[in-house]
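Everything in the sequence shown is counted per the numbering used here, starting at 1 for the first residue and increasing by one.
Think of the CB as a built atom: it goes at the ideal place given N, C-alpha and C, for glycine as much as any other residue.
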Amino acid sequence: MEKNRDQVIVKTSIIGIVANVLLATFKAIVGLLSSSIAIVLDAVNNLSDALSSLITIIGSKLSHRAPDKKHPLGHGRIEYLSAMVISIIVLYAGLSAFIESFKSILNPETPDYSTITLIIVGVAVIVKIVLGKYVKTKGQQINSDALVASGQDAMFDSIISASTLVAAIIYIFTKVSLEAWLGLIISVIIIKSGYSMLMDTISEILGERVDSDLAKAVKESINSFDEVLGVYDLFIHNYGPEKLIGSAHIEVSNKLSIEQLDELERNIATKVAADCGIIMTGISIYSIDTENEEVSSLLKGIKDIISKYPEVLQIHGFRLKDKKVSFDIIIDFDAKDRMHVYDEVTSKIKEKYPDYDFNIFLDTDISD
């Protein structure tokens with residue numbers, strides 16, 4: 001699977017490199033001959049796209065290096081670092097274009113368009129649309145953020161080239177040159193695109209909330225076992241697009257034996273790996289006495305209290321022993337003041353059940 005994915009990334013990136021180098025060459029020649037700053041900047045943008053594709057190939061190759069003692073989970077996160085380098089290149093290209101465009105506004109040159117100029121720019125628009133759609137689709141198929149970003153960037157470039165074509169047509173009919181101003185607008189858009197790519201990559205490296213559909217799929221897989229009464233605290237760590245490590249708490253009856261729990265945990269790990277491609281390295285246990293009337297009554301009463309607070313998403317890990325009650329409570333990150341909600345809820349619970357000693361933990365809303 002990883003080998004096929006790597007081959008797709010390399011093949012798609014090579015196609016992008018060839019297409020962008022050819023486009024950059026033609027645009028640079030046309031831009032210099034016609035004294036069009038916008039077309040020249042568009043050529044520079046194509047070169048930066050070719051360099052981005054090259055970095056994508058290098059990043060893919062490095063990310064598939066075998067695990068070693070220092071990096072036992074492999075080198076998959078290198079793909080995110082390569083995406084960061086690409087975004088920095090895009091930012092640099094945008095800043096350089098901004099400076100050159102500003103200089104052209106201060107010292108304008110009269111463009112000289114020909115029919116061949118317009119044809120080449122028009123062809124470039126079509127090529128970029130086709131290339132962008134192809135690269136983005138391949139990236140989505142193999143879950144490659146770098147390819148998806150490259151595809152989106154190519155589609156975006158087609159708009160830039162189209163705007164250059166429009167400016168040329170306007171000049172031909174009105175003799176009003178918008179070249180430098182268009183170059184300025186293009187450079188700002190490139191800077192914005194580079195900044196957005198950089199922020200997305202940094203967010204990936206910091207560790208984002210697990211995708212909602214993936215979290216639900218994992219929980220459905222685990223809940224498919226009759227012995228499982230609930231799934232909580234699902235953690236999924238990303239060590240690259242193809243390396244996901246997970247852990248979770250499951251709630252089960254306290255009547256299960258050690259042998260039954262061992263078999264259940266093994267079966268869960270096998271099923272989640274088959275269904276979702278995630279390696280479950282830890283499955284912790286919350287045991288609950290499902291036949292204890294005191295537990296059932298107390299749990300129902302506590303749930304009635306928290307039902308009045310929409311900010312409270314759930315409670316789990318409920319345990320009662322010798323009048324000592326402990327459980328975790330999850331409060332939505334969108335709550336204006338999570339601690340205020342926590343204090344108010346715990347106060348209401350303790351007020352209703354003064355005979356019990358409560359230990360209520362404020363848990364984190366890790367996944368859906």
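Assigned secondary structure, residue i (DSSP; H/G/I helix, E/B strand, else coil)
i      : result
Lys323 : coil
Gly207 : coil
Gly74  : coil
His64  : coil
Val30  : helix
Glu293 : helix
Phe361 : strand
Ser96  : helix
Ser114 : coil
Ser287 : strand
Leu41  : helix
Lys175 : coil
Asn143 : coil
Ala428 : Any property of residue 428 remains undetermined from this structure, which presents the chain solely from 1 to 368.
Ala180 : helix
Ile153 : Residue identity check: residue 153 is Asp in the sequence provided, not Ile. Asp153 falls in the helix class under three-state DSSP.
Rounded C-alpha distance that separates residue i from residue j
i      : j      : result
Arg65  : Gly74  : 7 Å
Ser212 : Tyr239 : 18 Å
Ile360 : Met280 : 27 Å
Leu51  : Glu79  : 15 Å
Gln260 : Leu298 : 28 Å
Phe235 : Ala248 : 6 Å
Pro67  : His316 : 37 Å
Val8   : Tyr134 : 12 Å
Val121 : Val210 : 42 Å
Met155 : Ile105 : 27 Å
Ile185 : His237 : 40 Å
Leu320 : Pro72  : 40 Å
Ile129 : Val10  : 20 Å
Gly194 : Glu204 : 15 Å
Lys61  : Arg77  : 12 Å
Ile119 : Gly151 : 23 Å
Val231 : Ser287 : 12 Å
Lys69  : Ser63  : 16 Å
Ser224 : Ala269 : 12 Å
Ile189 : Ile89  : 14 Å
Beta-bridge partners of residue i, as assigned by DSSP
i      : result
His237 : Ile245
Met280 : Gly246
Gln314 : Ile330
Glu263 : Paired residue(s): none; Glu263 is not in a bridge.
Gly230 : Glu251
Spatial neighbours of residue i in its chain, beta-carbon cut-off 8 Å, leaving aside the 5 residues before and after
i      : result
Ile116 : Val30
Leu313 : Ile330, Ile331, Asp332, Asp365
Val125 : Ser158, Ser161, Ala162, Leu165
Val228 : Ile222, Ile250, Glu251, Val252, Leu264, Ile268
Cutoff 6 Å; reference residue i; Cβ partners in own chain excluding five residues on either side
i      : result
Ala24  : Ala43, Asn46, Leu47
Ser187 : Gly94, Ala97, Phe98, Ser101
Asp363 : Asp328, Ile330
Val85  : Ile55
With 16 other Cβ atoms within 10 Å as the buried cut-off, status of residue i
i      : result
Ala208 : According to the sequence displayed, residue 208 carries Glu and not Ala. So Glu208 counts as exposed.
Met339 : exposed
Leu264 : buried
Tyr342 : buried
Asp49  : buried
Phe26  : buried
Ala146 : buried
Ala274 : exposed
Met199 : exposed
Asn20  : buried
Leu206 : exposed
Ile283 : buried
Short CB-CB distance (under 8 Å) between residue i and chain D
i      : result
Lys350 : Here there is only one protein chain, and chain D is not present.
beta-carbon residue i near the ligand SAM non-hydrogen atom, thresh 7 Å
i      : result
Asp343 : Within the structure as shown, the ligand SAM is missing, as the structure has no ligands at all.
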